[in-house]
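At position 50 of the sequence shown the residue is numbered 54 (the numbering used here), and the sequence of numbers has no breaks.
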Amino acid sequence: MHFTGVEGYVSRATSVEAAPEAAPEALERRVDDDERRIKANADRAAIYGEDARAEVQLRLECANSFKLAHAHELALWTLLPETANECVNPRWAFVRNKPLIERVVIIMAPGMDHKMWCEDGASTCPRLKRALGDGLRTMCDSPTAVGMTLCKSLMYSVHGKQGLDGNGGRKKFKASTHAKDLCKRKFAYKPSHFVLTPGDMSDMVYPLPKLTDDGKLEMEEGFVATQPAGEGIARGSGYHPFLALDCEFCYTAEGLQLTRVSVVKEDGDVVYDKLVKPPTEITNYNTAHSGITAEQMEGVTTTLQDVQRELLEMIPCETILIGHSLENDLHRLKIIHANVIDTCALYPHKRGAPYRNALRYLTEQYLGRKIQEGSHDSVADAQATMELALLKFINGPSFGEVST
């Protein structure tokens, strides 16, 4: 982390020369800018001294274990005013002459690790070590997070609105948030704007085909992929531009297995809802989280393969599939679909990835109602997911990226 200090502020400009071809207006603007900069430099020099500079002193003995989130914490403390709600003075660091810091530069170098700074690897990058000093080894906030996900969490911060609107930043629900009404409103952005990139899908561990040594793409055993409209079993016309999907699972001897699939269209109406018989015996219906009971599963004969075939008929690869942590559903369905929107990405957690907001929290926060009280219902969850996506289409990318 590099801190830009006061050196640039107190440098004295003795003259201003403009290029001969500069227009009078441009020359005048440059002179005004330089005069303002000189005055600002003089003011800072008068307050902090001619040779003052910003400095960060680390007190690592005050930190139990240094995590990547601590670097994020220090950057926020350095840049935000002390009155900001997100601003927390870290116990393990002291920033001298904090107002002199204009910006914080964070450099991400994939492939570079702590070993390059320790004694065994000190000779690997001697110039880099001289420039950056001794490195600090950080602990990972999440043992399952991948490198780029951690980088994103370091760069991401959501600022609160507490005190700005007199309502603690909470939403006031003046308009209907039901899908039947939302889908009739004008979209500020097309749904395709919010589709996950291949990199996003990889970071979120979506099921993806793998590239073989001979340059071919292959799927894991049992997986199927959606097909272009009109090809294979996919319907050729009249398919839905976007759908929301949610699944429920029960425990078997082989772990969680699919037991219900629900799909709703843009107005919230159900277009598919079926119970699924797992290939092995259910050992725990997980009713508190799945809403599935033994009575419901009596006589169910629909298999995973039946569901795959029916969904591939309904959902060509052109259809945008919307879900909350949708990668989990697609893994259990054993379906590969590249055209997806995930409300976890639409409404990022205030702490950044890999943290995720719960669907019940987002529903209460932005839709003004509660779900998943007592047990889950895949239809209700799919409808809530669709409505959250519609709100994003209507209000744009920045909607929902402010903590409340």
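Ideal Cβ positions, reconstructed from N, Cα and C, are used throughout, including at glycine. Bear in mind the structure is a predicted one, so any value in this text is a computation, not a measurement.
| Query | Result |
| --- | --- |
| Roughly how many whole angstroms lie between the Cα atoms of Phe397 and Leu262? | 30 Å |
| Tell me whether the beta-carbon of Val268 lies closer than 7 Å to the beta-carbon of Ala248. | yes |
| Would you mind working out which of Glu258, Asp250, Leu260 and Val199 sits nearest Val275, comparing C-alpha positions? | Asp250 |
| Just grab the DSSP bridge partners of Gln261 for me. | Cys254 |
| For a quick check, are the C-beta atoms of Ser382 and Arg239 less than 7 Å apart? | no |
| Let me check understanding here. Comparing Cα to Cα, which of Ala79, Cys348 and Met223 lies closest to Ile111? | Ala79 |
| Pick out the complete beta strand (DSSP E) segments inside the stretch 272 to 327, 3 residues or longer, and give them in chain order. | 274 to 279, 286 to 288 and 324 to 327 |
| Given a cut-off of 7 Å on the beta-carbon distance, is the pair Asn93 and Ala56 in contact? | no |
| Quick one: what does DSSP say Ala342 is sitting in, helix, strand or coil? | coil |
| Nearest by alpha-carbon distance to Val60: which of Leu72, Asp38 and Val99 is it? | Val99 |
| For Tyr243, collect the residues of the same chain with a Cβ closer than 8 Å to its Cβ; drop the 5 residues on either side in sequence, then sort them by chain order. | Ala233, Met318, Ile319, Pro320, Glu322 and Thr323 |
| Specify, as a first and last residue, the run of the alpha helix (DSSP H) that Val383 falls within. | Ser382 to Asn399 |
| Does the separation of the CB atoms of Ile375 and Ala386 fall below 7 Å? | no |
| Run through the DSSP bridge pairs and tell me what Ser266 is partnered with. | Asp250 and Asp277 |
| Go ahead and pull the three-state DSSP assignment for Leu212. | coil |
| Where does Ser15 sit, in a helix, a strand or coil, going by DSSP? | Any reading at Ser15 is ruled out, since the residue's pLDDT is 32, under 50, leaving its predicted position unreliable. |
| Using the three-state DSSP reduction, which class does Ala233 fall into: helix, strand or coil? | coil |
| Can you tell me where the alpha helix (DSSP H) holding Leu62 begins and where it ends? | That residue, Leu62, is in no alpha helix (DSSP H); its beta strand (DSSP E) goes Glu59 to Leu62. |
| Should Ala388 and Gly272 be called a contact, given that it needs their Cβ atoms to be closer than 7 Å? | no |
| Which value, in whole angstroms, describes the spacing of the CA atoms of Phe246 and Leu371? | 20 Å |
| Taking just the CA atoms, how far does Arg41 sit from Glu77? | 30 Å |
| On the three-pair Cβ rule with 8 Å, is the stretch 331 to 350 touching the stretch 205 to 215? | yes |
| Measuring CA to CA, which of Ser402, Asp207, Asp37 and Ser266 is closest to Asp277? | Ser266 |
| Residues in its own chain within less than 8 Å of Gln231 by CB, not counting five upstream and five downstream? | Ile237, Ala238, Leu316, Pro320 and Cys321 |
| Who does Val35 pair with in a DSSP beta bridge? | For Val35, which the question treats as bridged, DSSP gives no partner whatsoever. |
| Taking C-beta to C-beta, are Ile296 and Glu252 nearer than 7 Å? | yes |
| Leaving out the 5 sequence neighbours to the left and right, which residues in its chain are closer than 7 Å to Ala22 when beta-carbon positions are compared? | Bear in mind that a pLDDT of 43 at Ala22, under 50, signals an unreliable position, so the number given afterwards is only what the model happens to contain. So the list reads Leu31 and Arg34, once near-sequence residues are dropped. |
| Is DSSP giving Phe198 helix, strand or coil here? | helix |
| Could you give the distance in angstroms between the alpha-carbon of Ile105 and the alpha-carbon of Ala135? | 19 Å |
| May I have the straight-line CA-CA distance separating Cys187 from Val108, to the nearest angstrom? | 42 Å |
| Could you spell out the range, first to last residue, of the beta strand (DSSP E) harbouring Arg100? | Ala97 to Arg100 |
| Name the two residues that bound the continuous alpha helix (DSSP H) containing Tyr365. | Leu363 to Leu366 |
| When you compare each of Phe191, Ala292, Trp96 and Asn332 to Arg63 by their alpha carbons, which one comes out closest? | Trp96 |
| I need the straight-line Cα distance from Glu222 to Leu366, nearest angstrom please. | 36 Å |
| Helix, strand or coil: which one does DSSP assign to Leu104? | helix |
| Taking the continuous alpha helix (DSSP H) assigned at Asp55, which residues delimit it? | No alpha helix (DSSP H) holds Asp55; DSSP gives it neither H nor E. |
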